[in-house]
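K.L.:
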Amino acid sequence: MLHLYDTATRSVKELALREPGKVSIYLCGPTVYAPAHLGHGRQMVTYDILRRFLEWSGLDVRLVSNITDIDDNIFNRAQREDRPWQEITTKCEEMWWTATDGVGSKRPTDVPHASEYIDEMVEMIGELVDRDIAYTTDDGVYMEVEQVDDYGLLAFQTLDDMRAGGGDREVFGADQKRHPADFVLWKFSKPGEPAWPSPWGEGRPGWHSECVVMSLDLLGEGFDLHCGGQDLRFPHHENERAQAVALGKTFANHWMHHAFVVDGEGEKMSKSIGNVANLLDLIEHYDQRAYRLVLLQSHYRSPVRLGQAIIDQAVASLAGLDAFASRAANVAPADPAPAIVEAFRAAMNDDLDTPKAMSIVFETVRAANTAIDAGEDAAPLVAAVMEICGALGLELSGGTDDVDDAVAAKAQALDQARADKDFATADAIRAELQADGWLVETTKDGTTVRRA
RNA sequence: GGCGACGUGGCCGAGUGGUUGAGGCAAUGGAUUGCAACUCCAUGUACCCGGGUUCGAUUCCCGGCGUCGCCUCCA
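Quick note, the first sequence lines up with residues 11 to 462 if you use the numbering used here.
(1) Less than 8 Å between the CB atoms is what I'm expecting for Ala-342 and Glu-220, so what's the real figure, rounded?
(2) Go ahead and label Pro-215 buried or exposed: buried means 16 or more other beta carbons lie within 10 angstroms of its beta carbon, across all protein chains shown.
(3) Hey, could you find the ends of the alpha helix (DSSP H) Thr-100 is sitting in?
(4) Per DSSP, which one or two residues make a beta bridge with Asp-360?
(5) List the residues that DSSP assigns as beta-bridge partners of Asp-120.
(6) For Gln-318, which option in Ala-356, Asp-273 and Ala-333 has the closest C-alpha, if you only look at C-alpha atoms?
(7) Which partner residues of Thr-453 appear in the DSSP bridge assignment?
(8) Please tell me whether Pro-122 and Met-54 are closer than 7 Å, where the distance is taken between their beta carbons.
(9) Identify the continuous alpha helix (DSSP H) that holds Pro-390 and give its terminal residues.
(10) Below 7 Å CB to CB, which residues in the same chain sit around Ala-436 once its five sequence neighbours on both sides are set aside?
(11) When the Cα atoms are used, what is the spatial distance from His-268 to Gln-240?
(12) Taking contact to mean 3 or more Cβ pairs, one atom from each stretch, closer than 8 Å, check whether the segment 362–376 and the segment 77–88 are in contact.
(13) Mapping DSSP to helix, strand and coil, what is Ser-21?
(14) To which residues of the same chain is Pro-70 closer than 8 Å at the C-beta, ignoring the five residues directly before and after it?
(15) Could you give the residue range of the beta strand (DSSP E) that holds Cys-237?
(16) Along the alpha helix (DSSP H) that carries Val-223, what are the first and last residues, could you check?
(17) State the Cα-Cα distance for the pair Asn-359 and Leu-443, rounded to the nearest angstrom.
(18) Once DSSP output is grouped into helix, strand and coil, what is the label at Thr-147?
(19) Is it buried or exposed for Phe-166, if we count other Cβ within 10 angstroms and need 16 for buried?
(20) Start and end of the alpha helix (DSSP H) containing Trp-66?
(21) For the segment 227–245 against the segment 138–152, do three or more pairs of beta-carbon atoms, one drawn from each stretch, fall closer than 8 Å, so that the two count as touching?
(22) Is DSSP giving Ile-350 helix, strand or coil here?
(23) Please work out which residues of its chain come closer than 6 Å, Cβ to Cβ, to Glu-29, disregarding the five sequence neighbours upstream and downstream, and give them in chain order.
(24) Checking the sheet assignment: what are the DSSP bridge partners for Met-172?
(25) Start and end of the beta strand (DSSP E) containing His-264?
(26) With C-beta atoms as the reference, is Gln-323 less than 7 Å away from Val-113?
(27) Return the chain-ordered list of same chain residues with a C-beta closer than 6 Å to the C-beta of Gln-253, the five sequence neighbours on each side being excluded.
(28) Taking 8 Å as the cut-off, does the segment 200–209 touch the segment 227–234 (at least 3 CB pairs, one atom from each stretch)?
(29) Once DSSP output is grouped into helix, strand and coil, what is the label at Gly-213?
(30) According to DSSP, simplified to helix, strand and coil, what is Ile-35?
(31) Any idea what DSSP makes of Thr-41, helix, strand or coil?
(32) Is it the case that the Cβ atoms of Glu-248 and Leu-164 are separated by a distance below 7 Å?
(33) Bridge partners of Lys-197, per DSSP?
(34) Taking Gln-157 as the reference, give the member of Asp-149, Thr-168 and Ala-401 with the closest Cα.
(35) Going by DSSP, which residues form a beta bridge with Asn-288?
(36) Spatial neighbours of Ser-312 within its chain, please: C-beta separation below 6 Å, excluding the five flanking residues on both sides.
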């Protein structure tokens, strides 16, 4: 079974399942107010790999990932551009899914929208108010964090430490808050802002309340895994947890956080810094599998540097894998070599060691190529490579699908010319094929042609 | 200021208290080949600095330097 690093206990431990054979996962999705950046792409790919691996392991995976379509960033942009906020959320969500498809990730099994859960959020906040864990100020309803015993669990800091460490920072709404860390559950709207009714006044729910309500509603108490980017650890996930705990509910059993994508200088690629890199651009300009390969070759808890050179390296690496897929197309189907599949399983079960998994792939590719060259049986090795790549969502392309009769005839003509030692003709045919965008490979068994 | 992560060859990136520190890309030499591509084989003074623990540290501890993240926008 999968062993994963758990942020709450800060150790790698087995992902215990609430129900045998079924995995329930909540992944904090995007706030839809801008196009997905490269960092979002890591999220899409990382959890797609997790999900595919679990499914490959024979588990029934329910992956819930929300769309935050109620948020100040959205409303601010709507106001700035003077258009309906729904137009922004609709458009951005559309782009999000285009990008998700583009990086080869499956869409989640459930996609709740914050805007569909207002009633439930109001109800939950009401419960917190009834229990006197939440209180009202001039600008909203706040959660009193000091009433949550282990508040700070995911921050790795106690409230006192946070306060002491906070130094001279200005605390928003401090004058009316009972503790600087108290966070907003319901924020009152100003005139003209989008608003929903509540017993405390018109307003909108706080981000942290959105995710607790949706996760508990769809997955129920004690679901298996809650995940997201490292920056969500605190305060977002801590605050989600705090609300659940305050209501006496069991929340996520395991916490997973992935590291960032950084730029050439090692700085976080975030929409807040201004060095925004658009994910759709990346997919448009490069082989979409390249990003996945880059991510697969580093660990999900390590920062990944992304830049031109790194993508280029991945593209080159992919070319080798595709060349293999092309050769492998002629190998008869077989059962994957068990030892290799088991090595892969073991690597992945060890906190999703995808770099190890990829090294297994490359080593197996080499072994299979050697076997093919020697005329030995490569079938189980080929099958193992395909099996593993399938489990990782890395699609290899033999590129032979659209070789039509005319192209095949040219390849034959090329071989004939070579047999006749008419190398001028052979070279001419090859140049012609290459000009049409084909990769021409001539071995002692003849010429094969595939898409570049 | 508090907390956390990290610093590995030309580039990326795993990993480990001890004969030979994955894998990918690039480079060089070679095999195969009419040539090229593909494939295969071979090669490279790589573990930030200074202490300490140890028979032995890249791996553990302390300090330093550097980078990054979080400390109520954030994947």
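Cβ coordinates follow ideal geometry from the N, Cα and C atoms, glycine included.
P.N.:
So, to answer that:
(1) Their Cβ separation, rounded to whole angstroms, is 53 Å, which puts Ala-342 and Glu-220 out of contact at 8 Å.
(2) buried
(3) 95–112
(4) His-13
(5) Val-74
(6) Asp-273
(7) Gly-456
(8) no
(9) 389–402
(10) Leu-424, Ala-427 and Arg-428
(11) 5 Å
(12) no
(13) strand
(14) Rather than Pro, the amino acid found at residue 70 in this sequence is Asp. If we look at Asp-70 and ignore the five residues flanking it on each side, its Cβ neighbours are Gly-31, Lys-32 and Val-33.
(15) 235–239
(16) 217–229
(17) 45 Å
(18) coil
(19) exposed
(20) 48–66
(21) no
(22) helix
(23) none
(24) Looking at the DSSP assignment, Met-172 forms no beta bridge with any residue, so it has no partner.
(25) 264–268
(26) no
(27) Val-222
(28) no
(29) strand
(30) strand
(31) strand
(32) yes
(33) Gly-150 and Arg-214
(34) Thr-168
(35) His-47
(36) Ala-269
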